[in-house]
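Asks: Sharing a structure here in structure tokens format.
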Amino acid sequence: MQKVLLVTCILLLALSCKDGKSSNDKMFLDSTGKINEVSVVVDNDLWNGTIGEAVRNTLASPVYGLPQDEPTFNINQIPSQVFSGFVTKNRTVLIIKIGNESSISFNNDVYAKPQRVITISGKNNQDVFDQINENASKIISTFKNIEIFHKQQQIRKVLFNTKSIQEKLKLNINFTTAYRIAKNENDFFWIRRDTDIGFLCLLLYELPYNDIKRNDSIINQIIRIRDSVGKKHIEGPVEGSYMTTENAYTPFNTETILDNKPTLETKGMWDVHNAVMAGPFINYAIEDKINNRWVIAEGFAYAPSVEKRDLMFELEAIIRSIKIQ
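Heads up: the sequence shown at position 9 corresponds to 15 in the working numbering, and the numbers run straight through without jumps.
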């Protein structure tokens, strides 16, 4: 009798699964797509009207902190009747539908993995237009977060050995072997990747907790600190030159979360005192109360005459991999 019950249980278990997977599991292909490119599924007549304008104003809004206007995302418009097969596998997809109740949904891994699919519906054009504008910031952050995740996955394939950083700054950070440590001095790290068109750099160091105070002068404090660090550590191409902040470009400051810690994010432009060099920077001051300090992570790029959005995006993805010990 016990053997009969055992056989019955095994058969029931086998029937409930296929090839070792539950009936709820799906076989997903890997998602595809260039970095920071969104597929927008919308019919041509809507794309050429106010809905298309609202989508472009949201997804293609200029990235702050770059010397020239560059869109947050490149957009690939796809009419709904041809949205099938391989074209559904893009990592980021925005679908526009007319004729349904007004709604917006955020879904993961619908056609591929990893993938974010946002669907906006409305009874008429005005409903959809309103949904896009009301949810613009969430749409952007949803797509940006998966692009950061994707970039970090690529980086992890060829990781640089960061043992010296871990030991001195008590943090983990992921960047590729294409980078090198250009300076390691008194717990200050200058990390650099040279390219055919210029270079990408990361700066890592720490400050006592009292060195930054949360008040109305927060931007001035950040700029004063980075200028003193630039003068001390980041020498320019000629004697007496060093990196400083471009005063003609007003820095932008906001708060974000990094490694589950409050973080001050500052974007602006840098230049070199006594030399003709300039570019964008992004500076993060991570509030590490447990260790009574601020961890400063800054990325800056030099790439004259080419677009810089994706270069700065790479630096941001690296910085956002930081885990404080």
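Ideal Cβ placement from N, Cα and C applies to all residues, glycine included.
Can you tell me whether residue 320 is buried or exposed, with buried defined as 16 or more other CB within 10 angstroms of its CB?
Replies: Locating residue 320 in the sequence shown gives position 314, where the first residue counts as 1. Result: buried.
Asks: Which of the three DSSP states is assigned to residue 331 in this structure?
Replies: Here residue 331 refers to the residue found at position 325 of the sequence shown. Reduced to three states, the DSSP call for residue 331 is coil.
Asks: Under 6 Å Cβ to Cβ from residue 330, same chain only, skipping five residues before and after it: list those, please.
Replies: Taking the sequence shown and counting its residues from 1, the one referred to as residue 330 is at position 324. Cβ within range, chain order: 177, 265, 294.
Asks: Apply the 10 Å Cβ neighbour rule to residue 304 and answer buried if 16 or more other Cβ atoms are within range, or exposed otherwise.
Replies: Counted from its first residue, the sequence shown places residue 304 at position 298. Residue 304 should be labelled buried.
Asks: Report the rounded CA-to-CA distance for residue 306 versus residue 196, giving the unit in angstroms.
Replies: Residue numbering aside, residue 306 sits at position 300 when the sequence shown is read from its first letter. Residue numbering aside, residue 196 sits at position 190 when the sequence shown is read from its first letter. Going by the C-alpha atoms only, they are around 11 Å apart.
Asks: With DSSP collapsed to three states, give me the class of residue 176.
Replies: If you number the sequence shown from 1, residue 176 lands on position 170. Three-state result, residue 176: coil.
Asks: Rounded to whole angstroms, what is the Cα-Cα separation between residue 237 and residue 280?
Replies: Residue mapping note: residue 237 aligns to position 231 of the sequence shown, counting from 1. Residue mapping note: residue 280 aligns to position 274 of the sequence shown, counting from 1. Going from the Cα of residue 237 to the Cα of residue 280 covers about 12 Å.
Asks: Can you tell me whether residue 107 is buried or exposed? The criterion is at least 16 other CB atoms within 10 Å of its CB, across all chains shown.
Replies: For this step, residue 107 is matched to residue 101 along the sequence shown. That one is exposed.
Asks: Would you call the stretch 51-65 in contact with the stretch 135-143, where contact means no fewer than 3 C-beta pairs closer than 8 Å?
Replies: These segments touch.
Asks: Please report the distance separating the alpha-carbon of residue 272 from that of residue 192.
Replies: Numbered from its first residue, the sequence shown carries residue 272 at position 266. Numbered from its first residue, the sequence shown carries residue 192 at position 186. Cα-Cα distance, rounded: 24 Å.
Asks: With three or more beta-carbon pairs closer than 8 Å as the criterion, would you say the stretch 179-187 touches the stretch 162-169?
Replies: Touching, yes, given that three or more Cβ pairs across the two stretches are closer than 8 Å.
Asks: Please return the same chain residues whose Cβ sits closer than 8 Å to the Cβ of residue 243, not counting the five positions on each side in sequence.
Replies: Working through the sequence shown from its first residue, we reach residue 243 at position 237. 278, 281, 283.
Asks: Since residue 206 and residue 72 are thought to touch, with beta carbons under 8 Å apart, how far apart are those beta carbons, to the nearest angstrom?
Replies: Looking up residue 206 in the sequence shown gives position 200. Looking up residue 72 in the sequence shown gives position 66. Not really, about 14 Å apart at Cβ, beyond 8 Å.
Asks: Just to confirm my understanding: we take residue 262, look at its own chain, exclude 5 residues before and 5 after, and list those with CB closer than 7 Å. What are they?
Replies: Translated into the one-based positions of the sequence shown, residue 262 becomes position 256. The residues are 269, 271.
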